[in-house]
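Read top to bottom, the protein sequences are chains R, U, E and G.
Using the numbering used here, read the first sequence as starting at 1 and increasing by one per residue.
Using the numbering used here, read the second sequence as starting at 1001 and increasing by one per residue.
Using the numbering used here, read the third sequence as starting at 2001 and increasing by one per residue.
Using the numbering used here, read the fourth sequence as starting at 3001 and increasing by one per residue.
Even for Gly, the Cβ is constructed at its ideal location relative to N, Cα and C.
Model, not experiment: these values are computed from the prediction.
There are 4 protein chains.
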Amino acid sequence: MIKAGIIGATGYAGAELVRILARHPEVEIKWLGSRSYIGQTYASVYQNMFQAIEGPCLDDNIAELASQADVIFTATPQGFLASALKEEYLQEAKFIDLSADYRLKDVQVYEQWYHISHQSPQFLEEAVYGLCELNREDIKKARLVANPGCYTTCSILTAYPLVKEGLIDTSTLIIDAKSGVSGAGRGAKTANLFCEVNENIKAYGIAAHRHTPEIEEQLGYAAGHKVTINFTPHLVPMNRGILATAYASLAKKPDGSLPGGPEVRAAYQKYYGEETFIRILEPEVFPETKWVEGSNYVDINFKIDERTGRIIMVGALDNLVKGAAGQAVQNMNLLFGFAETQGLEQVPLFP
Amino acid sequence: MIKAGIIGATGYAGAELVRILARHPEVEIKWLGSRSYIGQTYASVYQNMFQAIEGPCLDDNIAELASQADVIFTATPQGFLASALKEEYLQEAKFIDLSADYRLKDVQVYEQWYHISHQSPQFLEEAVYGLCELNREDIKKARLVANPGCYTTCSILTAYPLVKEGLIDTSTLIIDAKSGVSGAGRGAKTANLFCEVNENIKAYGIAAHRHTPEIEEQLGYAAGHKVTINFTPHLVPMNRGILATAYASLAKKPDGSLPGGPEVRAAYQKYYGEETFIRILEPEVFPETKWVEGSNYVDINFKIDERTGRIIMVGALDNLVKGAAGQAVQNMNLLFGFAETQGLEQVPLFP
Amino acid sequence: MIKAGIIGATGYAGAELVRILARHPEVEIKWLGSRSYIGQTYASVYQNMFQAIEGPCLDDNIAELASQADVIFTATPQGFLASALKEEYLQEAKFIDLSADYRLKDVQVYEQWYHISHQSPQFLEEAVYGLCELNREDIKKARLVANPGCYTTCSILTAYPLVKEGLIDTSTLIIDAKSGVSGAGRGAKTANLFCEVNENIKAYGIAAHRHTPEIEEQLGYAAGHKVTINFTPHLVPMNRGILATAYASLAKKPDGSLPGGPEVRAAYQKYYGEETFIRILEPEVFPETKWVEGSNYVDINFKIDERTGRIIMVGALDNLVKGAAGQAVQNMNLLFGFAETQGLEQVPLFP
Amino acid sequence: MIKAGIIGATGYAGAELVRILARHPEVEIKWLGSRSYIGQTYASVYQNMFQAIEGPCLDDNIAELASQADVIFTATPQGFLASALKEEYLQEAKFIDLSADYRLKDVQVYEQWYHISHQSPQFLEEAVYGLCELNREDIKKARLVANPGCYTTCSILTAYPLVKEGLIDTSTLIIDAKSGVSGAGRGAKTANLFCEVNENIKAYGIAAHRHTPEIEEQLGYAAGHKVTINFTPHLVPMNRGILATAYASLAKKPDGSLPGGPEVRAAYQKYYGEETFIRILEPEVFPETKWVEGSNYVDINFKIDERTGRIIMVGALDNLVKGAAGQAVQNMNLLFGFAETQGLEQVPLFP
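So, in structure tokens, the structure goes:
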């Protein structure tokens, strides 16, 4: 039984973390940090947890929390943990940061896309990018895990085996992603009101979304060279879910031919065949976000278009689970030697 | 470890049962019956369960199933089990029927509201109405459990303590209920198409809905006299959830005064204070269906209007969980001596 | 061609007014008042009106506006017009107020339900309650029209003929109403975020909603005596629409019998048979909000439950059209002698 | 005043046509053809039109209809009009076909993508592709107009000026499109039930959707050479609306530089600057489907990504209006010399 603290427990990702940890057999929640609701009972902020979670919201006292907890999750705005983290805290507790602060190795890239000055670049080297299926062994040994973004988890996992195996031309990679509204957080903004979002779809952050460099960095490691992509997110009138539709030209083989379906499928099997949380769907069955809702699964499939020589890859996940809190718990399981799936066995809710 | 079979496993209630049983530590699913999909893998019908549920859909062979299973769930159309059930099956397996076939003790009332001739009225006497919080001890000893309807579970539980304690005038009871669309099932009907239901609300079955006599019968037992009510269901553009708003005049006490809030609250506490799955919310906090989604909870609260001398009671549940499959599993837990909450600990999903 | 000004043009009701007036052949919009967006083009706030509406948002200068406009619409918070209105403005322009400031004749009732001190009670006597179908002749002669609330329009019109004709016992009248989210306005509140409202239904303002005394006052005029009701609003995950489900015991006739369907239908026909915007649906066809969306129609029907002696009345309208802006334009048409339906002929949008 | 007949009047596109024509000052609807509902009143099938449209649904008698009507709209399944059309009908009435039967000039391409044998290829040459903004003059003289598909109208108009001006490399063109559910029609299919679609997004018809060759043919005319693209449609949980997000590499100019924003904007202005129904949004304002709902507008904008040398174009329309019935009426206006915008002035509904 380990002790966990959460800073930023009243955002949607924080609340999902509370919901998952509330039923995790190895975890006791010690600290529900929420600057906005200090002193109110947590269940009064999230009535779904009434009688399931006791206790009030606390402040952000990381020093105190580090001395009490074995693991600290920060589901906080960009820049928060970068400003607050100290070596001494890392010696007391493991950190899993759901913000972007330690995801990008290059501090200049961070500062350019986030327009924030990074206050603790000395931890960037040490931080492990917490995409469990790709970095499992490094995560096990980490003190500081940078939990990936929701769009990025979906985009990277969808394309990774093909990039790694050189089956696609990464210079042609375009990712058109669609997200439910919970990704926008619980802040009271006009743009996220029901009437503004419902019965509506729009693109946003075109050619400028902050998850772009994160996808590029990780796929770059897989490719062995710099990768530059187009990434376009869209807002869809639903609570949860991310669907990534990715396009790329197949890479010609030395004999001038293109890889075929079996070869592509084999690549996915090679990297994901043993993975519990990645489901390669059967041929001609394509991911739908509803099929993963409430679960830690990522569903993936692809189609080759022989007319154009392109492959269309499709991936889906629940942005609050595998795209945030579920993956954070998966990282925690790795850090503490629990079964990797513990607390995450939820079958997707349908309908 | 018991063996369970499900007839009607590909309707929404059947699928929810599969989803819950898939993670129940004491149950092995032996039989996924679905006349429409015989031979197809179950996961191809409900892709959310891909890699979580193996095996094909089977036919409706109850004789064979009864010989293999310890418990049989029937999530089938009205009249199916009434036509198929035999004494010998009941000697082999316990039955939990999610249809209305054994809910009403009076066969004439059944035939009048359902327009079906009942084929096995001899089991009506024996069948136990499976509203766990009210009939717990009888359920434990039953062979045949009539699992309550979704509207009825919500309506009865919301009003029961006040009827039982004589705090309201049952002749004034009006229940205005609102349901998500999954209650209408997975049949392909124009009226349930996305575009017909979305951005729309309507009443239906006004003064004629089949759950009316079921509510009346159960509240009649509580009252000790015949109860006749108005019940009006509405269709709401959401997948899951039932909200019941119930109105009744408070019953005058011998001194002419009306019961007050503390007295009403005490009545709810008296009957539900120890119940895990019934949450009496704090004063001025009223149920919302989203707060119970995916869980077996029923949330209840009330408000007294002194201007009119009426009480307004509000209850909410997830129609597929506490309103169908969850309650069926709760009944199974009672039948087999498992912890009543086993497999049902899911914290509601929000958002 | 008359000149119209709108104060509060960037709320949802104000924007609907702009949308309707933009196509009204007798109106020129002279003033788009919006304190929050002064100087921005109106179309940048409501991109749906790009190239359909020119010009910037202006401030709230009523004195200036009154000197320029023939009619002034105020779609403003409660208390705004009560604080700003002066006799001299009324001599220059007609006022149609979409707030509650002049709806209730009794200033004490206003202050009790709205918790605002009324700043110009001297105009209450003169103000005409702008429910066109009931007060048509008075509206034609008015200077100041109090445009009814959305819930109230629906509730009053649904019950009015039966109250007027004495067919129901008003002491038993209960109105359970359901509204789309646009009724909550465009203010950025957490409770109205997409993720909080979507897949959710809740009651609110139970026994305390401000539209209650407005319904009671108007039905009281019809009844010829004081009427006290229960009114419970609910929030439904859809943009537009109000559905009112009303319950009442039928009033016994001198011979002890209850009114039957034909008698009730005749009452509706008597009052609404000639009305363009009120559609009494055919027997057994009940209103759905989608059938009136975007139009100025109110759909109404009823069902008698002989088991309980009650009648269930159902009404539906679009809260932004007949429940706000459409009725305001209908009032304007009456004030200026235009055809009453002008600018309001829109057929409902479906789906 | 012309006389119009509609075959297929009870599908969603047919009903939208009825809705628009009901308020068109130059049109009398003579024939509401619907094989499924013969003899029922039209308003009983679409209650939104109660009291707005009189008369029953009639059969498909084109011979009779052609003798009575000036214009015949066919909102019918693929292959219907191809089987039924005769020269003599074309001599009596103008035809506007909302199906795909006469959209593709090459009968082999039609048969390959639609898997139907074309029964009247002799009319293919004569048929005019009814994309009003591109073929206005030819439409005016036509007897048979092939009304474009919803995805195609949006996709073609979004890319056309850049293809025509040679600003993009058409071999890199990828269109990722998102549609509301009304595009799937009113047929009772499980896949289109509320609970299957709601809270869900999916891609479908990947590399195989029938609108692909239609887009390719029309853009090919603009390019002056064969164009082959990737087109991927997605189903979004909303009633109406199509959003097309299109990607292409900018074409290098002789000096090796790429076209810039002003040059691209000038191209859009050149072709659409005078068009009423195409709105080029202001820089950095991107189309949202809600902003065009219920209207005949197409909203378009673009962004250049200098990192990748690509342009991202975004277009939005209402699939039932500009994507079907609205454009059909626009074609009718052209055919009969009415003002092109007549009956189509509706300002988009928001929210």
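Beta-carbon spacing of residue i, residue j below 8 Å
i	j	result
R:Phe350	G:Lys3202	no
U:Gly1183	U:Cys1150	yes
G:Ile3072	G:Ala3022	no
G:Ile3029	G:Val3045	no
G:Val3109	G:Pro3213	yes
E:Gln2269	E:Thr2153	no
U:Thr1308	E:Thr2228	yes
G:Ile3312	R:Ile312	no
E:Ala2339	E:Asn2333	yes
G:Thr3170	G:Ala3244	no
E:Phe2095	E:Leu2104	no
E:His2024	E:Gln2342	yes
Span of the alpha helix (DSSP H), counted from its first residue to its last, around residue i
i	result
E:Tyr2089	2087 to 2092
R:Gly79	Counting along the chain, R:Gly79 falls outside any alpha helix (DSSP H), and DSSP gives it neither H nor E.
R:Arg19	12 to 21
G:Gly3261	3261 to 3272
E:Ser2334	Per the sequence shown, the amino acid found at residue 2334 of chain E is Leu instead of Ser. Taken as a continuous stretch (DSSP letters only), the alpha helix (DSSP H) holding E:Leu2334 covers 2326 to 2336.
E:Gly2220	2211 to 2223
Where residue i falls: helix, strand or coil (DSSP)
i	result
U:Leu1349	coil
E:Val2027	strand
E:Asn2239	coil
E:Thr1976	A question about residue 1976 of chain E goes unanswered here, because the residues of chain E that appear run from 2001 up to 2351.
G:Phe2943	The question about residue 2943 of chain G has no answer, for chain G in this structure spans 3001 to 3351.
G:Glu3064	helix
R:Cys195	helix
R:Lys202	strand
U:Thr1232	strand
G:Gly3033	strand
Residue range of the unbroken beta strand (DSSP E) whose run includes residue i
i	result
U:Met1313	1310 to 1317
R:Tyr247	242 to 249
R:Lys303	298 to 305
U:Ile1280	1278 to 1280
E:Gly2005	2002 to 2007
Any alpha helix (DSSP H) of 4 or more consecutive residues that is wholly inside the region 1103 to 1186 of chain U
1107 to 1114, 1132 to 1140, 1150 to 1164
Members of the region 2117 to 2145 of chain E near chain U, C-beta cut-off 8 Å
none
Quick one, which residues of the region 1331 to 1350 of chain U are near chain R if we go by CB-CB under 8 Å, in chain order?
Glu1345, Gln1346, Val1347, Pro1348, Leu1349, Phe1350
Residues within the region 3001 to 3033 of chain G neighbouring chain E, beta-carbon criterion of under 9 Å:
Tyr3012, Ala3015, Glu3016, Val3018, Arg3019, Ile3020, Ala3022, Arg3023
What residues from the region 3045 to 3071 of chain G come within 7 Å of chain E, judged by C-beta to C-beta, listed N to C?
Tyr3046, Gln3047, Asn3048, Met3049, Phe3050, Gln3051, Ala3052
Residues of the region 1187 to 1212 of chain U with a CB closer than 8 Å to any CB of chain E: list them in chain order, please.
Cys1195, Glu1196, Asn1198, Glu1199, Asn1200, Ile1201, Lys1202, Ala1203, Tyr1204, Ile1206, Ala1207
Check each residue of the region 1308 to 1333 of chain U: if its Cβ is closer than 9 Å to any Cβ of chain E, include it; give the result in chain order.
Thr1308, Arg1310, Ile1312, Val1314, Ala1316
Along the region 1234 to 1266 of chain U, what residues have a CB closer than 8 Å to any CB found in chain E?
His1234, Val1236, Pro1237, Met1238, Asn1239, Arg1240, Gly1241, Leu1243, Thr1245, Tyr1247
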